[in-house]
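In what follows, a structure is listed as C-alpha cells, so that the remarks can point back to it.
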Amino acid sequence: MKQLKETSLIIAALVCFAVSARADVIAIDEHGNGFGTLGPGFLAPDPGPGGLPLVLTYLLPFAGVQGDVLLFDPAIGTFLDVLRFNGNGTVLFYSDNIDGVDAIGDTVSPPGAFYANTITINEVGPEGANGAFYTPGPGQPGFDPAAAHSFNFVSDGTVPEPSAVVLLATVFMLLAVVIHRRVRVSRAA
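Take 177 as the starting number for the sequence shown in the numbering used here and just add one per residue.
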C-alpha cells in the first residue's frame, strides 16, 4: 500500500511538472487569441518607434526586454510580420495584409521604425497555417530575466486550444486522487 501511495504521489508530481512547464509557453495569433497572456488581444496605440495608432496588443505576465522580432517568410524572401515587445508588459502583433484584411492583427504596414534590438526568425509551415516558435535569450526581445518563456507566434491560423498534455495531466491527477482515496479506505477497513 505504501508503494501505491508513493506511485500516485510521483504521478501527481510529474503531472504538476508537465502543467507548469506548459504554462511557460505563450501563444498568440493575429485574431486576438492568446494562451498564457493576461486575457485576449485588443487594439491599442503602439508607443514604440514608428508605432501605428491601432495595433493588436497582448498583456504579458512580465515586462520583457524591449525590441522587435521580425518573422521572415522564406517563400517571399522578406519579413512580413513584426512582434514588438515595448518592455512594458506588452507584445504587439503587426500582421501583414497581403492576402487581404481578414484578421484584427492585420495592419496597413509594419511600424515606421524599429527598435535597435531586433532579431529575425523564420516563419515555418504552409501558407494559411504558419508561424514561428521563439525562445528569447538574455538581452533579446521579450526575454524575462526572472523565468524562461517561449513564444508560439501563429501568423496564419489560430492558436490551438490547450494541448492534450493538459487534458492528460487532468486525467492523471484524477487517477491519483482515486488511488489515494482507495488506499485510505482500505487502511480504515
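From the three backbone atoms N, C-alpha and C, an ideal C-beta is built for every residue, glycine too. Note that this is a predicted model, so its numbers are computed, not measured.
Practice item. Tell me whether Asp222 is buried or exposed, calling it buried when 16 or more other Cβ atoms sit within 10 Å of its Cβ. Key: Asp222 is buried by the Cβ-count criterion.
Check your understanding: Closest by CA to Leu228, which one among Leu235, Glu303, Leu219?
Key -> It is Leu219 whose Cα lies nearest to the Cα of Leu228.
Exercise for review: Inspect the CB distances between the stretch 313-322 and the stretch 250-258 and report whether three or more fall short of 8 Å.
Suggested key: Output reads no: the stretch 250-258 does not touch the stretch 313-322.
Point to revise | Proximity winner among Gly304, Asn209, Arg260, relative to Leu275 (alpha-carbon distances) | key: Per the sequence shown, residue 275 should be read as Asp rather than Leu. Out of Gly304, Asn209, Arg260, Gly304 has the C-alpha closest to the C-alpha of Asp275.
Review point. Excluding the five sequence neighbours on either side, which residues of its own chain have a C-beta within less than 7 Å of the C-beta of Gly301, listed in chain order?
Key: Cβ-Cβ distances below 7 Å link Gly301 to Gly307 in the same chain, with the five nearest sequence neighbours on each side left out; the list follows chain order.
Point to revise | Distance CB(Asp205)-CB(Phe255) smaller than 9 Å | key: Contact: no.
Review point. Who does Asp200 pair with in a DSSP beta bridge?
Key: For Asp200, which the question treats as bridged, DSSP gives no partner whatsoever.
Check your understanding: With 16 as the cutoff for other CB atoms within 10 Å, does Thr296 come out buried or exposed?
Key -> That one is exposed.
Exercise for review: Rounded to whole angstroms, what's the CA-CA distance from Phe329 to Phe309? Just pull it up for me.
Suggested key: Cα to Cα, the separation comes out at about 6 Å.
Review point. CB-CB under 6 Å to Thr311, same chain, minus the five flanking residues each way: which ones, in chain order?
Key: Cβ-Cβ distances below 6 Å link Thr311 to Ser326 in the same chain, with the five nearest sequence neighbours on each side left out; the list follows chain order.
Practice item. Taking only the alpha-carbon atoms, compute the straight-line gap between Pro237 and Asp282 and give it to the nearest angstrom. Key: When rounded, the separation of the alpha-carbon atoms in Pro237 and Asp282 is 24 Å.
**Study point:** Integer Cβ distance of Gly240 from Gly224, believed to fall under 8 Å
**Key:** Actually they do not touch by this definition, with Cβ atoms about 12 Å apart.
Review point. Phe261 bridges to which residues according to DSSP?
Key: As computed with DSSP, Phe261 is found in a beta bridge with Gly243, Val267.
**Study point:** Candidates Asp244, Gly217, Gly212, of which the one nearest Tyr234 by Cα
**Key:** Of the listed residues, the one whose Cα sits closest to Tyr234 is Gly217.
Check your understanding: Do you know how far the Cα of Gly215 is from the Cα of Ala203?
Key -> If I take the Cα positions, the gap works out to 12 Å.
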